[in-house]
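Numbering (my numbering), first residue to last: 502 to 869. Heads up, the beta-carbon is just placed ideally off N, CA and C, and yes, glycines get one too. Please read these numbers as outputs of a predicted model, since none were measured by experiment. As C-alpha cells, the structure follows; a few thoughts come after it.
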Amino acid sequence: MKVAGEAMRTIWLEPDGRTVGIIDQTRLPFRYETAALSDLAAMATAITTMQVRGAPLIGAAAAYGMALAMRPDAADGGVEDGDVERAHARLLATRPTAVNLRWALDRMREVLLLTPPSDRLDRAYAEAAAIADEDVEICRSIGRHGLHLIRAAHLRNPDRPVRVLTHCNAGWLATVDWGTATAPLYLAHEAGIPLHVWVDETRPRNQGAFLTAWELGQHGVPHAVIPDNTGGHLMQHGLVDLVIVGTDRTTAKGDVANKIGTYLKALAARDNDVPFYVALPSSTIDWTLEDGVQGIPIEERSGDEVALITGLAGHGGLETVRLVPEGSAVVNYAFDVTPARLVTGLITERGVCSPEDLAQLFPDHQPP
Ligand code: MRU
C-alpha cells in the first residue's frame, strides 16, 4: 500500500540484503519512522513492544528474526541445530495469542534443519522472503473474496455508501501488505464502490484510532473513528451494513480470537441482524484447537497501556499522560474469543465459508 503516495510494505530487507527494515508502529500516526533491525534480540523486542504487530506481520517478522539469528556476526545466534532451536524458542516467547507466530517459526525451523549449516543463512532469508511474499498474495485473495460481499451490500443500497464497522487494525500495517479485514475495503474503494468505515478506537493501544484511521486516510477511504462502545448504538439505528474484523487465532471449529472487544461487537451484530465477518489467512488457523474460549491463550499486557496514553501535544511533541488514578489496579487482557455461532462467515484466501465449513475449504490441512 502507500505512504505519502509511495508504495511500501511493512517489512523489507535493507540494501545490505541482511538488515530488516520495519515501520515503527508505536510512533504512528504522529510520526512516520522506520527502524533497521540487525539481530534476533532487536526483532524479539520489536514484536514484544508492538513496533510490529498484527498476526500475519508477527509471523513474517519472526521468520526474518530466524534469518537474523543465522548471521555469521550474530551475537545471539548461529547456524547449528541448537542455535536454530534457541532462536525459535526466543521468538515464540514474544507474544502468545497470534498463532501465525508459531506457524512461521515452525516452517522456518523445519526448512533450516533440513538444510546443511553452511547454507542456512541464505536459506533462512529466502524462506522469510517467501513467507512475506505469500502473505501479500494471500491478503490480495482475501480482498477479492471479500469484495463480493461489499459489492452485494452496495447493490442492495446503491444510493448510499456501504457502511462497514471494523475493530482494531487488521489493515496492511498488520500484514505485509493489503491487510485482511481491509483488503476488501481497499479493492472496493479502487472499484469505485462508495464506502464509509466505522473505525473502533480500540482501547487501550488505540490500533483503530492510530493505525486503521491513518492507513485509510493515506488511501482516501472515507471513515470515522468511534469510541469502542458506539458500535451497538450504530447497529440499532441501521447504520452498519456489515462488520469485518481480523483474527489472531481461529480454531478448527471457527471460534476466533481477536482484539479485546471484538466479542461484544459480535453480540451486538447478532442482536441487530448485522452480518459479522472475520477475514483471515489460513496461517491463522490453529487446527489443534476446537474450543477457542477454553483453548486459546489470551495475552495479558502491562496495565500501563491502560493507565497511560501518548499523543501529540499542542507544541508538536509527543506527550504521555496518566488516565487512571495512581494506585488503582488495572487489568489488560489484549484479546477475547468470539464463538463460531456468532460468526456469519470467514473470508479466507480460498473463499468465504461458514465456520462449520472451514475444514472442508482446507481439506489438505494437517489434523493433529
Ligand atoms: O495486539 P495487536 O495489535 O497485534 O492485535 C492485532 C489484532 O487483533 C488484529 O485484528 C489481528 O492480528 C488480525 S491482523 C490482520
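Indicate whether residue i and residue j have their beta-carbon atoms separated by less than 8 Å.
i    : j    : result
Y778 : T845 : yes
L686 : V722 : yes
N759 : F836 : yes
A568 : A629 : yes
G522 : A537 : yes
D636 : A561 : yes
E638 : G672 : no
L614 : L602 : no
I'd like to confirm the pairing. Which residues does DSSP put opposite residue i in its beta bridges?
i    : result
Y834 : E801
Y687 : DSSP, once it has assigned bridges, lists no residue as partnering Y687.
L666 : W699, V744
V677 : For V677, which the question treats as bridged, DSSP gives no partner whatsoever.
Y778 : I745, G846
L819 : L813
H724 : V698
D787 : T752
I512 : I523
L538 : V521
G852 : T849
A446 : Residue numbering for the chain in the displayed model covers 502 to 869; residue 446 lies beyond these limits and cannot be assessed.
Residues in its own chain within less than 7 Å of residue i by CB, not counting five upstream and five downstream?
i    : result
S642 : E850
R572 : R519, G578, L622
F711 : L529, P530
G709 : H668, C669, N670, V700, D701, E702, T703, V726
L843 : A767, L768, R771, F777
Q737 : N773
V870 : Nothing can be reported for residue 870, as the shown portion of the chain is limited to 502 through 869.
P856 : K754, G755, A841, V844, L847
With residue i and residue j assumed to form a contact (beta carbons below 8 Å), what rounded beta-carbon distance in angstroms separates them?
i    : j    : result
R750 : V612 : Actually they are not in contact, since the Cβ atoms of R750 and V612 sit about 23 Å apart, beyond 8 Å.
H690 : G762 : H690 to G762, Cβ: 25 Å. No contact.
P659 : V807 : About 43 Å; that fails the 8 Å criterion.
L606 : A563 : 5 Å
V853 : L847 : 7 Å
P782 : A675 : About 11 Å separates the two Cβ atoms, so there is no contact after all.
V746 : A841 : Going by Cβ atoms, the distance from V746 to A841 rounds to 14 Å, so no, they are not a contact pair.
P798 : T598 : 6 Å
Less than 6 Å between C-beta atoms, sequence neighbours within five positions excluded: which residues of the same chain meet that for residue i?
i    : result
L648 : P685, L688, A689
V663 : I651, A654, H655, L696, D742
D792 : none
T811 : L819, T821
Following a CB-centred definition, is residue i positioned closer than 7 Å to any heavy atom of the ligand MN?
i    : result
R603 : Within the structure as shown, the ligand MN is missing, the only ligands being the ligand MRU.
Within a Cβ cutoff of 8 Å, which residues of the same chain sit near residue i, ignoring the five residues on either side of it in sequence?
i    : result
T527 : T550, M551, Q552
R608 : A564, E628, I632
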